[in-house]
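Here the sequence shown is numbered in our numbering, starting from 995 and rising by one per residue.
Every residue gets a Cβ at the ideal spot worked out from N, C-alpha and C, and that includes glycine.
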Amino acid sequence: MLTEPPPLVSVIIPTRDRAGLLRVAVEGLLHRTDYPALELLVVDNDSREPETHALFADLGRDSRVRVLSMPGPFNYPQLNNAAAAEARGEFLLLLNNDTEVIHADWLRRMVAKAADPAIGAVGPRLLYSDGRLQHGGVVTGIGVPRDPIAVHLSAGNPGDDPGPFGWTAITREVSAVTGACLLVRRAHYFAVGGMDAEALRVAFNDVDLCLKLRAAGLRNLYVGEVSLFHLESASRGTDDRPDKRARFHAECATMRARWAHVLDNDPFWNPNLDPLLTEPWPARRSRRPKPWAAYLPGG
995 MLTEPPPLVS VIIPTRDRAG LLRVAVEGLL HRTDYPALEL LVVDNDSREP
1045 ETHALFADLG RDSRVRVLSM PGPFNYPQLN NAAAAEARGE FLLLLNNDTE
1095 VIHADWLRRM VAKAADPAIG AVGPRLLYSD GRLQHGGVVT GIGVPRDPIA
1145 VHLSAGNPGD DPGPFGWTAI TREVSAVTGA CLLVRRAHYF AVGGMDAEAL
1195 RVAFNDVDLC LKLRAAGLRN LYVGEVSLFH LESASRGTDD RPDKRARFHA
1245 ECATMRARWA HVLDNDPFWN PNLDPLLTEP WPARRSRRPK PWAAYLPGG
C-alpha cells in the first residue's frame, strides 16, 4: 500500500543514441504513467547522433528530467551506480531504453510491493513486441548445459498464457528479476554495494544484485500482474562476436565462483524438474538427494 505522499522514484535509463527507442520509453514514462512522484535520470553514454541530442534538449525542458553525461566504454553497472549516487528518490527504478509502457498504473503497483522494507528487487512481466513472454522471473542454475547461470522463466511463450499454476500471471517470490525493469529501495541498493562494475560489466549484473539482496535477508518479487514491452538487447546487440563470447564466458565464471551453491539450488525451482528446460518438465534424474538410496542393494 502506498503512503501519502507517495515516495519519489528515481528512474535510471542508460542510453547511447537510438533516439527512436528512447523516445518511446520516455514518452510512456512521463506521459502515460499515473505515478505522481518520479524523476528521470537519462544517462548519456557517448551519444553522437544529432537526433539524440535534439531529444535530450527536449527532455531538458521537463523539470522531472536530468540528462547525465557519462562518456567512456559501455559499462552498464557503472552507469547505473553513478546515476544512483545522483538520484534523489527513496526508490530506484533501473529501466532499459528499449522498454514501453502498456498500462498507466504499472509503477504505482510496483512501488506498492517494494514499499515493504523486507522486499529487495521487484520486477514485472515483460513482453516482446509481438506479445510473447520475454521475462517471467529468473530461475538460476538451469538452461544450457554450458554455463547454466540463470534464465528467464517460460520465455517465448504466449504473453497471455498464465503458465502452470498461473506462475507468470501472479506475484511470487523469485531468486532474481531482470535489470531491464527493476525497482529497489535506494538504501537496499547501496547496502549491498550496488552492481558489480568490475567483473560483470554486461551480463548477469542484475542476477548478482538480486542474489546479494537475498543474501542480505531480503525477498525479491516478480509481479506478473504488471506488464511492459521490452525489445530485448535491441540497443546493445547480441553476444555473437568472439570478443563478446569471451567476455560472456568470463562473466559466467565469475558467477560460478561467487554463487555456485546458490545458483544450483534455486529454492523456487523444484529439483525434480529438468534443469535444461525453462518449463516444468520432470527430470530423468532428480537433483534431490535420496536418503534411502544408501539402504538399497549396491547403495
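Quiz item: Sorted by chain position, which residues of the same chain lie with C-beta nearer than 6 Å to I1164's C-beta, five sequence neighbours on each side aside?
Solution: Cβ neighbours of I1164 beyond the five flanking positions: G1218.
Quiz item: What span of residues does the alpha helix (DSSP H) with T1046 cover, start to end?
Solution: For T1046, the enclosing alpha helix (DSSP H) stretches over residues P1044 to L1053.
Exercise. Using the Cα positions of R1180 and G1083, report the straight-line distance between them to the nearest angstrom.
Key: C-alpha separation (whole angstroms): 7 Å.
Practice problem: Give the DSSP-derived three-state secondary structure of P1008 in the structure shown. | Solution: When DSSP states are grouped into helix, strand and coil, P1008 belongs to the strand group.
Practice problem: Can you tell me which of the three DSSP states G1160 falls into? | Solution: Helix at G1160.
Self-check item: S1221, buried or exposed, once every other Cβ within 10 Å from all chains shown has been counted against 16
Solution: With 16 or more Cβ atoms within 10 Å of its Cβ, S1221 is classed as buried.
Quiz item: For A1170, does the three-state DSSP call read helix, strand or coil?
Solution: Residue state, collapsed to three classes: strand.
Quiz item: Whose C-beta lies closer than 6 Å to the C-beta of H1129 among residues of the same chain, with five residues either side of it excluded?
Solution: The residues are L1120, H1146 and T1172.
Exercise. Can you grab the Cα-Cα spacing for the pair L1049 / A1078, in whole Å?
Key: When rounded, the distance between both Cα atoms is 22 Å.
Quiz item: Between the stretch 1062-1076 and the stretch 1096-1109, do three or more beta carbon pairs fall short of 8 Å?
Solution: Flag = no, the stretch 1062-1076 and the stretch 1096-1109 do not touch.
Exercise. Following the continuous beta strand (DSSP E) through T997, name the residue where it begins and the one where it ends.
Key: Unbroken run through T997: none, as it is neither H nor E.
Practice problem: Tell me whether L1203 is buried or exposed, calling it buried when 16 or more other Cβ atoms sit within 10 Å of its Cβ. | Solution: So L1203 ends up on the buried side.
Quiz item: Which partner residues of S1063 appear in the DSSP bridge assignment?
Solution: Answer is D1038, bridged to S1063.
Quiz item: What separation, rounded to the nearest whole angstrom, lies between the Cα atoms of E1045 and N1264?
Solution: Computed Cα separation, rounded: 49 Å.
Quiz item: Under a three-way DSSP split, which group does L1207 fall into?
Solution: Here L1207 sits in helix by DSSP.
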